[in-house]
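Keeping their order, the protein sequence lines are chains A and B.
Count along the first sequence from 1, then add 378; that gives the number in the numbering used here.
Count along the second sequence from 1, then add 486; that gives the number in the numbering used here.
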Amino acid sequence: MAVKIKTKKGLIDISNGVIATVVGSAATSNYGVVGMASKNAIRDGFDGILNRANYKRGVVVKSEDNEITVDVYIIIGYGLKISEVSRNVQDSVKFSLKNQLGIDTRAVNVIVQSVKVLDE
Amino acid sequence: MVLKEIDSNKFRDMVRVATHRMGRNAEFVNSLNVFPVPDGDTGTNMNLTIESGAKAVAENTSTSVGDLTESLAKGMLMGARGNSGVISSQLFRGIYKATQGMQTLNAQELANAFSNGVATAYKAVMKPVEGTILTVARVAAQEGANKANETDDVEEVMKAIVEGAKKSLKTTPDLLPVLKQVGVVDSGGQGLLFIYEGFLEGILGENFADRYQPDKGEMDEMINAMHHQSVQTQLSTQDIKNGYCTEIMVDLTADIPDKKQFNLEEFRKHLSEIGDSLLAVSDDEVVKVHIHTEHPGSVFQYGSQFGQLGKIKIDNMRIQHETIVNDSEEKQESVDFAVIAVASGNGIRKLFESEGVNRIISGGQTMNPSTQDIIDAIKKSGAQKAIVLPNNGNIVMAAKQAAEVSDIPVGIVPTKTISQGLTAMLSFDPEMSVEDNVTSMTEDLDTVVSGEVTQANRDTTINEVEVHANDYLGIIDGDIQIDDPDLIQATVAMIEKMLDEDSEIITVMFGRDSTKKQADQVVAKLKEMHDDLEFEVHDGGQPVYNFLISVE
Chain A
379 MAVKIKTKKG
389 LIDISNGVIA
399 TVVGSAATSN
409 YGVVGMASKN
419 AIRDGFDGIL
429 NRANYKRGVV
439 VKSEDNEITV
449 DVYIIIGYGL
459 KISEVSRNVQ
469 DSVKFSLKNQ
479 LGIDTRAVNV
489 IVQSVKVLDE
Chain B
487 MVLKEIDSNK
497 FRDMVRVATH
507 RMGRNAEFVN
517 SLNVFPVPDG
527 DTGTNMNLTI
537 ESGAKAVAEN
547 TSTSVGDLTE
557 SLAKGMLMGA
567 RGNSGVISSQ
577 LFRGIYKATQ
587 GMQTLNAQEL
597 ANAFSNGVAT
607 AYKAVMKPVE
617 GTILTVARVA
627 AQEGANKANE
637 TDDVEEVMKA
647 IVEGAKKSLK
657 TTPDLLPVLK
667 QVGVVDSGGQ
677 GLLFIYEGFL
687 EGILGENFAD
697 RYQPDKGEMD
707 EMINAMHHQS
717 VQTQLSTQDI
727 KNGYCTEIMV
737 DLTADIPDKK
747 QFNLEEFRKH
757 LSEIGDSLLA
767 VSDDEVVKVH
777 IHTEHPGSVF
787 QYGSQFGQLG
797 KIKIDNMRIQ
807 HETIVNDSEE
817 KQESVDFAVI
827 AVASGNGIRK
837 LFESEGVNRI
847 ISGGQTMNPS
857 TQDIIDAIKK
867 SGAQKAIVLP
877 NNGNIVMAAK
887 QAAEVSDIPV
897 GIVPTKTISQ
907 GLTAMLSFDP
917 EMSVEDNVTS
927 MTEDLDTVVS
937 GEVTQANRDT
947 TINEVEVHAN
957 DYLGIIDGDI
967 QIDDPDLIQA
977 TVAMIEKMLD
987 EDSEIITVMF
997 GRDSTKKQAD
1007 QVVAKLKEMH
1017 DDLEFEVHDG
1027 GQPVYNFLIS
1037 VE
């Protein structure tokens, strides 16, 4: 499945892998996000922090018309305000998709899959 | 007097002043916000975050600094808003951890607290981006730690922290390209600096909070940022709603009739109704205002009710914006085969452009462009090949040098006058090679005789012509041939000398220092004697030469 954008000159097809990379990069650049997590936590191991190549396992993209809905699975550092870090992720994911791919986002759902205790 | 420790009262002051200072400058911080998401809310977010922390501190009656840092950290955590808010909450979480249980803080402990704050803050980020609030916090803490090794004066340590933050903030545009591109410092870093400055003022015990006055540098920075914002948000010149960037200073101490009582809040409120990007700061003596408005006059009128107007400045932002837009359009234009001409005067530029010249280098008799100027023009044209028309004997060499070092084939047509340049352009054919164009364009140069009329600046004798200062000189193909105190007579006499039996068309370009009427007089006199000639008159607008004449 992929996002299709209709333009005057023809169709642009952006694969989910591309979107997942953009979403994953945007999400992990946020302060407080210490990793991406797998959407399938039980199969992939609950605390597993995904590496860059696996970001798409932590991103679910659903597209309708020219808009998409994204689910992002993340791990947040302990001691941070989870609601706010999540909101920052929503903002930056939405911004990056618009800025880099020209895609409007209907919703960015953030699922905090785990909290990592950082040594203090 | 050396201050050896911070007690709970001092700490309360620090938090209070810092919060106030952050609040006052929130809008300014917002205006800098371009990273990571340019949504212009960093200042608001940091302000809400620190306010939430300050509230928690105010509610805590403990006399132990450790208890207060805990309240501050918890309050900031609960109230954290935005990336910068989350980061600062984490910074203060680290500070709290390092000061747990302490009654007071000495210089070393204060420095350690900041260092631990930075260490904690860096842990919660996967990819620390340098040039952000984190960098500013780190350098500041480092400077504080260095100072604490030298002195046990907490004031000195806090000063070093502020200085470190300032220094580091200045480097943020070099570290983070997006900041450089927009020309601002990092917004979160600036917010943190305001907080740290507030801490310092709290320690110094001066009541800066209610009368914070940005210094000149800060004010200029703010204004730059404001300008920036309007350029960012307004894509086309027509979209600029408030066209005049207006700045005034009002001297509130001046005695004027019917003087109104000054109130900054009211003042701001009134001005915000007649413009945007408003900045108004004041102390007891002076208020400084920066505003974008359509009605600069009403700003002056309103301001002058409270005192005497000092410095006044108005810029037309539409013109500024057009210039920016034009400049960037110029850079984008690129052609396969460019013709570059050296010329001065608007009219002459237009003549060249109408003939198909892509790029004009400003220059001529009194301001010869350098080889580098010509190389730059060739580069900017983005073309695969180019022809240069120097249009002045003194520039031909520079143009040849430029052609030699250029990466693309460049041909020089050795035009020595504007007239020759204009004539040469008639033979230009973009479909032909550079060499063939140079040959055909150069061939035509012989068919044109160029005349220039200008004023002598001293007495001399050249080519057996006696020249008197302030007389008008007729120069034919580079040789002075005519000297006459009357402009019209000198010009007519010169043209007479240029004519032969093959002459058909005479082009007269009048310059900046002469008029169309004078050109018409010249033409009328010549028509009396030669009814077979055709005349063309153009407004060349060139400096130095009253008339440029070509005879073909």
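We treat Cβ as the ideally placed atom computed from N, Cα and C, and that holds for glycine.
- Item | Bridge partners - D1018 (chain B), DSSP secondary structure assignment | None, per the DSSP bridge assignment.
- Query: In terms of residue numbering, what span does the alpha helix (DSSP H) encompassing Y788 (chain B) cover?
  - Reply: P782 to G789 is the extent of the alpha helix (DSSP H) around Y788 (chain B).
- Query: Thinking C-beta only, is L655 (chain B) closer than 8 Å to V622 (chain B)?
  - Reply: A contact, by the Cβ cut-off of 8 Å.
- Whole-number beta carbon distance between G761 (chain B) and T779 (chain B), since they are thought to touch under 8 Å: Their Cβ separation, rounded to whole angstroms, is 3 Å, which keeps T779 (chain B) and G761 (chain B) in contact under 8 Å.
- Task: Would you list the one or two residues that DSSP bridges to V448 (chain A)?
- Result: Partner(s): A:V439 and A:V486.
- Query: Listing by chain order, which chain B residues have their CB less than 7 Å from the CB of V463 (chain A)?
  - Reply: V572, listed in chain order.
- Task: Taking only beta-carbon positions, decide if D469 (chain A) is within less than 8 Å of chain B.
- Result: Yes, its Cβ sits closer than 8 Å to a Cβ of chain B.
- Check the Cβ-Cβ distances between G568 (chain B) and every residue of chain A, and say whether any is below 8 Å. Between G568 (chain B) and chain A, the shortest Cβ-Cβ separation is below 8 Å.
- Quick one: is R697 (chain B) near chain A, going by C-beta distance under 8 Å? Caution is warranted here: a pLDDT of 43 is assigned to R697 (chain B), below 50, making its placement in the model unreliable, and the coordinate value is therefore given only provisionally. Output row for R697 (chain B): interface = no.
- Is Q676 (chain B) close to chain A, meaning its C-beta is less than 8 Å from at least one C-beta of that chain? No, Q676 (chain B) does not count as interfacial toward chain A.
- Task: Just grab the DSSP bridge partners of S936 (chain B) for me.
- Result: DSSP output for S936 (chain B) lists B:S1036 as bridge partner(s).
- Beta-carbon of L458 (chain A) versus every beta-carbon of chain B: anything under 8 Å? Chain B places a beta carbon closer than 8 Å to that of L458 (chain A), counting this residue as a contact.
- So G410 (chain A) packs on L458 (chain A), CB below 8 Å; how close in whole Å? Approximately 4 Å separates the beta-carbon atoms of G410 (chain A) and L458 (chain A); this is inside 8 Å, confirming the contact.
- Message: By the three-class DSSP mapping on this structure, what secondary structure does M918 (chain B) have?
- Response: Here M918 (chain B) carries a coil assignment [DSSP, helix/strand/coil].
- Message: Taking beta-carbon pairs under 8 Å, can you tell me which members of the segment 388-407 of chain A lie near chain B?
- Response: Answer in chain order: T406 and S407.
- According to DSSP, what are the bridge partners of T385 (chain A)? Bridge pairing for T385 (chain A): A:G388 [DSSP].
- Message: Quick check: the Cα distance between G603 (chain B) and R498 (chain B), rounded to an integer number of angstroms?
- Response: Their backbone Cα atoms lie some 19 Å apart in a straight line.
- Enumerate in chain order the residues of its own chain whose CB-to-CB distance from K653 (chain B) is below 6 Å, with the five nearest sequence positions on each side excluded. The answer is none, since no qualifying residue turns up.
- Task: Consider the Cβ of V1030 (chain B): report whether some Cβ of chain A lies at a distance smaller than 8 Å.
- Result: So, not an interface residue.
- Task: Classify P1115 (chain B) as buried or exposed, calling it buried when 16 or more other Cβ atoms lie within 10 Å of its own Cβ.
- Result: Residue 1115 (chain B) lies beyond the range of chain B shown here (487 to 1038); nothing can be said about it.
- From I948 (chain B) to Y958 (chain B), what distance separates their C-alpha atoms? Approximately 14 Å, taken between the alpha carbons.
- Query: Does Y409 (chain A) get closer than 8 Å to chain B when you measure Cβ to Cβ?
  - Reply: Taking Cβ atoms only, chain B reaches closer than 8 Å to Y409 (chain A), which makes this a yes.
- Task: Look up K902 (chain B) in the DSSP assignment and say whether it is helix, strand or coil.
- Result: The answer is coil: DSSP assigns K902 (chain B) none of H, G, I, E or B.
- Query: When the distance is taken between beta carbons, is S548 (chain B) closer than 8 Å to M562 (chain B)?
  - Reply: For M562 (chain B) and S548 (chain B), no; Cβs fall outside 8 Å.
- DSSP state of Q718 (chain B), grouped into three classes? With a pLDDT of 40 at Q718 (chain B), under the threshold of 50, the modelled position of that residue is not reliable, and the figure given next carries that caveat. Annotated three-state conformation of Q718 (chain B) is helix, per DSSP.
- Query: Hey, would you say R845 (chain B) sits closer than 8 Å to I826 (chain B), going by beta carbons?
  - Reply: Yes; because the gap between Cβ atoms is below 8 Å, this pair is in contact.
- Message: Judging by CA-CA distance, which residue of B:D801, B:G842, B:G907 and B:M532 is the nearest neighbour of I734 (chain B)?
- Response: For I734 (chain B), the nearest C-alpha among the options comes from B:D801.
- Task: Return the first residue and the last residue of the beta strand (DSSP E) that S848 (chain B) is part of.
- Result: Counting along the chain, the beta strand (DSSP E) containing S848 (chain B) begins and ends at R845 to S848.
- Message: Taking the beta carbon of M1015 (chain B) as the centre, do at least 16 other beta carbons fall within 10 Å, making it buried, or is it exposed?
- Response: M1015 (chain B) should be labelled exposed.
- Task: Kindly indicate if chain D contains any beta-carbon less than 8 Å away from that of N429 (chain A).
- Result: Judged by its chain identifiers, the structure shown contains no chain D, and its protein chains are A and B.
- Task: With DSSP as the reference, please indicate the residues paired to L765 (chain B) in a beta bridge.
- Result: Under DSSP, L765 (chain B) forms a beta bridge with B:H776.
- Tell me whether L764 (chain B) is buried or exposed, calling it buried when 16 or more other Cβ atoms sit within 10 Å of its Cβ. Label assigned to L764 (chain B): buried.
- Message: Among the candidates B:E917, B:D639, B:S919 and B:I647, whose CA atom is the shortest distance from the CA of R624 (chain B)?
- Response: Selected option, being the one with the closest Cα: B:I647.
- Message: On a Cα-Cα basis, can you pick out the residue from B:S989, B:F1033 and B:L1034 that is closest to D1018 (chain B)?
- Response: Of the candidates B:S989, B:F1033 and B:L1034, the residue whose Cα lies closest to the Cα of D1018 (chain B) is B:S989.
- Query: Which chain A residues sit within Cβ distance under 9 Å of Q576 (chain B)?
  - Reply: In chain order: Y409, G410, G455, G457 and L458.
- Item | Identity of the residue in B:V1023, B:A884 and B:M564 nearest I847 (chain B) by Cα | Measuring from the Cα of I847 (chain B), the nearest candidate turns out to be B:A884.
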